[in-house]
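In my numbering, the protein residues as written are 17 to 452.
Each remark here refers to the structure printed beneath this line.
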Amino acid sequence: MKMTDVFLVLCPLFYTKLPPLCLAYLAESLEQNGVRVRGYDLNIALYNEAGEEQRREWNVQNNPKLAQNITKTSINANNPTIEAFLSEINIYRPTLISFSLFKSNHYPTFKLIKIIKKQPFSPKIVCGGPEIGVLRAKMGELWLKNEGIDAIILGEGEGALTTLVKTIGCNNPLIVLSAEEVEDLDSIPSPSFKQLYKEAYDTQVTIPLLMSRGCIRQCHFCSERLLYNSYRVRSAEHVVTEIKGHMGNRVRAFVFHDSLINGDLAQLEQLCDLICKEQLTISWEAQCVVRRDMSAALLKKMKHAGCYNLFIGLESGSDPVLKRMHKGFTKKDAGEFFEKCQEAKLHFEISLITGFPGETEAEFQETCDFIVANKERIPKIAQVNPYVPYEGTITGENYPAVDENTGRERMERLVRLFERESIPYTKSYIGNLLSQ
Ligand code: B12
Ligand code: SF4
Numbered sequence: 017m018k019m020t021d022v023f024l025v026l027c028p029l030f031y032t033k034l035p036p037l038c039l040a041y042l043a044e045s046l047e048q049n050g051v052r053v054r055g056y057d058l059n060i061a062l063y064n065e066a067g068e069e070q071r072r073e074w075n076v077q078n079n080p081k082l083a084q085n086i087t088k089t090s091i092n093a094n095n096p097t098i099e100a101f102l103s104e105i106n107i108y109r110p111t112l113i114s115f116s117l118f119k120s121n122h123y124p125t126f127k128l129i130k131i132i133k134k135q136p137f138s139p140k141i142v143c144g145g146p147e148i149g150v151l152r153a154k155m156g157e158l159w160l161k162n163e164g165i166d167a168i169i170l171g172e173g174e175g176a177l178t179t180l181v182k183t184i185g186c187n188n189p190l191i192v193l194s195a196e197e198v199e200d201l202d203s204i205p206s207p208s209f210k211q212l213y214k215e216a217y218d219t220q221v222t223i224p225l226l227m228s229r230g231c232i233r234q235c236h237f238c239s240e241r242l243l244y245n246s247y248r249v250r251s252a253e254h255v256v257t258e259i260k261g262h263m264g265n266r267v268r269a270f271v272f273h274d275s276l277i278n279g280d281l282a283q284l285e286q287l288c289d290l291i292c293k294e295q296l297t298i299s300w301e302a303q304c305v306v307r308r309d310m311s312a313a314l315l316k317k318m319k320h321a322g323c324y325n326l327f328i329g330l331e332s333g334s335d336p337v338l339k340r341m342h343k344g345f346t347k348k349d350a351g352e353f354f355e356k357c358q359e360a361k362l363h364f365e366i367s368l369i370t371g372f373p374g375e376t377e378a379e380f381q382e383t384c385d386f387i388v389a390n391k392e393r394i395p396k397i398a399q400v401n402p403y404v405p406y407e408g409t410i411t412g413e414n415y416p417a418v419d420e421n422t423g424r425e426r427m428e429r430l431v432r433l434f435e436r437e438s439i440p441y442t443k444s445y446i447g448n449l450l451s452q
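Spelled out as structure tokens, the structure:
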């Protein structure tokens, strides 16, 4: 008897401190449409087996070496986690196995697909997630087909995956579907994580949330535009109902995974008002952009609604660099925004990029001066990285490239400045986007 339609799988490397939103969203949507689902977070399962040193390297870092190492040592039929997973394929005989592909996990994913294809019962394989479009553009469809993939879905997978599982036949060419963006985010069922809440998550105390998809800005160094075409936001009621559901499972801490929490100020205000009205005692953090039109009053409301930290992409303290980056604000706007956060007693952290194309020594010095001038307002520097061009970004080709060494050297000079001026910063996030 057929017991499952879809296995949803996430391979390492992926962040381990929060359960993965991609699996949770896809699982909930499929189930709502009558599809039987099983979730396999192989990332967390293999992390739990790993030694202490490997665990330290697992999170946050851009670490293709570790991904290759795990591919060699753990992704094989002798590994107990993989063996158990393969035997479940034979027990539940799913129609489809879905893999979520990120830059950080494609080596292990492709090896596992090859192993699955050699099993006596080998279901169709579908891949989606942010890296699938990048790989298709770089390597082509034939290459993906040769890796054992039967279908790829570009974009938000909720609707398209449901359609695919109900229609997939035995076509030979690679099926390529472009998912349509869902206009009304309230129509997507909120993730409950129940498909993932097995042993690994019993102790989970923090849950990721999503209020919006997309971004209102178009910074030239950012690959966000490859993921979403338009900015959409959920209603406050929909988000609060989800929060209350998690609170029923004793969860009180949340991290918003939105590209920015303040894309729609009216909706953000409604969310804060509703959290306060319903007296939900929760804490949360989020990413946020500098906005001239955001008031200190709203920042205070956020604080009352449980916000304890904001991550703000400043990137530079020089107006010509900010303009070239297309950040949409000036250093004056940033200084005033930080002052409002301070007035609201809202803790925040900022990130910086060194060596963006065209950045002159004088412009870099302006950033140093800005940081020093605002050191009483900025509670912490979260992250500093030399500029790295990503696929799909506008690399600033109209400006002379700053060589890699200069970018690194400026990053190191900033760190020395933080030390000298006693400005708090997160050591592990200095240069963390550089390949290990
Ligand atoms: C929050 C976040 C983080 C957090 C938490 C990470 C986590 N993994 O949960 C932190 C800060 C730790 C982090 C770290 C990193 N991150 Co990050 N992060 C994000 C962010 C802002 C949100 C992710 C999210 O939860 N989205 C919401 C969920 C629902 O969306 P989703 O996962 O994309 O899934 C949807 C679709 O992709 C699709 N889908 C997914 N799987 C599948 C499967 C199938 C079959 C189908 C059909 C569809 C499908 O449907 C899903 C539902 O709509 C995104 C940017 C963004 N706005 O999405 C970047 C992003 C995911 N991060 C990225 C990167 C590069 C990193 C780092 C490598 C950075 C670094 N060098 O340190 C590390 C890697 C850490 C790790 N090992 O995983 C890139 C990934 C690019 C890529 N091509 O893979 C993104 C896309 C940012 C970007 N624009 O470049 N990140
Ligand atoms: S860097 Fe942030 S604000 Fe700029 S486009 Fe990307 S997600 Fe939006």
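Cβ atoms here follow ideal geometry from the backbone N, Cα and C, with glycine treated the same way.
Note that the structure is predicted; figures quoted are calculated from it, not measured.
Quiz item: How about E407 and L242: do their beta carbons lie closer than 9 Å?
Solution: yes
Quiz item: Using 8 Å as the threshold, is the stretch 258 to 273 in touch with the stretch 305 to 317, meaning 3 or more CB pairs across them?
Solution: no
Quiz item: What is the DSSP secondary structure of F137, reduced to helix, strand or coil?
Solution: coil
Practice problem: For I107, count neighbouring C-beta atoms within 10 Å of its own C-beta (all shown protein chains included) and say buried if the count is 16 or more, exposed if not. | Solution: exposed
Exercise. Report the rounded CA-to-CA distance for M17 versus E47, giving the unit in angstroms.
Key: In this predicted model, M17 has a pLDDT of only 39, less than 50, meaning its place in the structure is not dependable; the value taken from the coordinates is given anyway. When rounded, the distance between both Cα atoms is 19 Å.
Quiz item: D306 by DSSP, collapsed to three states: which one?
Solution: One point to set straight first is that residue 306 is Val, not Asp, in the sequence displayed. Residue state, collapsed to three classes: coil.
Exercise. May I ask you to report which of helix, strand or coil DSSP gives Q234?
Key: coil
Quiz item: When DSSP labels each residue in this structure, what does G374 get in the three-state scheme?
Solution: coil
Quiz prompt | Where the beta strand (DSSP E) containing N325 begins and where it ends | solution = C323 to E331
Quiz prompt | Supposed close pair I86, P28 - CB separation, criterion 8 Å | solution = 5 Å
Quiz prompt | Distance between K317 and D289 (C-alpha atoms, nearest Å) | solution = 7 Å
Exercise. Starting from the C-beta of Y123, find all residues in its chain whose C-beta is less than 7 Å away, skip the five residues before and the five after it, and write them out in chain order.
Key: A83, Q84 and T87
Practice problem: Output the distance between the C-alpha atoms of L201 and E425, rounded to the nearest integer angstrom. | Solution: 44 Å
Quiz item: Which residues in the same chain have their Cβ closer than 7 Å to the Cβ of Y445, if we skip the five residues on either side of it in sequence?
Solution: A398 and Q399
Practice problem: Using a threshold of 9 Å, state whether the C-beta atoms of A40 and Q211 are closer than that. | Solution: yes
Quiz prompt | Reduced DSSP secondary structure (H/G/I, E/B, other) of L34 | solution = coil
Quiz item: How big is the Cα-Cα spacing for A252 and S246?
Solution: 19 Å
Quiz prompt | Minimum length 4: unbroken alpha helix (DSSP H) runs contained in the stretch 166 to 207 | solution = 173 to 183
Self-check item: Check your reading: residues with Cβ closer than 6 Å to the ligand SF4 heavy atoms
Solution: C231, R233, Q234, C235, C238, E240, S275, L276, V305 and G329
Quiz prompt | Distance, G164 Cα to K130 Cα | solution = 6 Å
Quiz prompt | Proximity to G230 [Cα-Cα], best of P224, I223, F209 and E199 | solution = E199
Self-check item: For Y480, three-class secondary structure by DSSP
Solution: Nothing can be reported for residue 480: it is not among the residues displayed for the chain, which extend from 17 to 452.
Quiz item: Between the C-alpha atoms of S367 and L326, what's the straight-line distance to the nearest angstrom?
Solution: 11 Å
Quiz item: For the candidate residues P224, G279 and S239, whose alpha-carbon lies nearest to that of K249?
Solution: At residue 249 the sequence reads Val, which differs from the Lys that was named. Nearest of P224, G279 and S239 to V249, Cα basis: G279.
Practice problem: Specify whether the stretch 164 to 182 and the stretch 147 to 155 touch according to this definition: at least 3 beta carbon pairs, one from each stretch, less than 8 Å apart. | Solution: yes
Quiz item: Helix, strand or coil: how does DSSP classify S438 here?
Solution: coil
Quiz item: According to the Cβ coordinates, are K343 and F386 closer than 9 Å?
Solution: no
Exercise. Assign D289 to one of three DSSP states: helix, strand, or coil.
Key: helix
Quiz item: Relative to the ligand COA, is the shortest distance from any of its heavy atoms to the C-beta of A66 smaller than 8 Å?
Solution: For the structure depicted, the ligand COA is absent and the ligand set comprises only the ligand B12 and the ligand SF4.
Practice problem: With V22 as the anchor, note down where its beta strand (DSSP E) starts and where it stops. | Solution: V22 to L26
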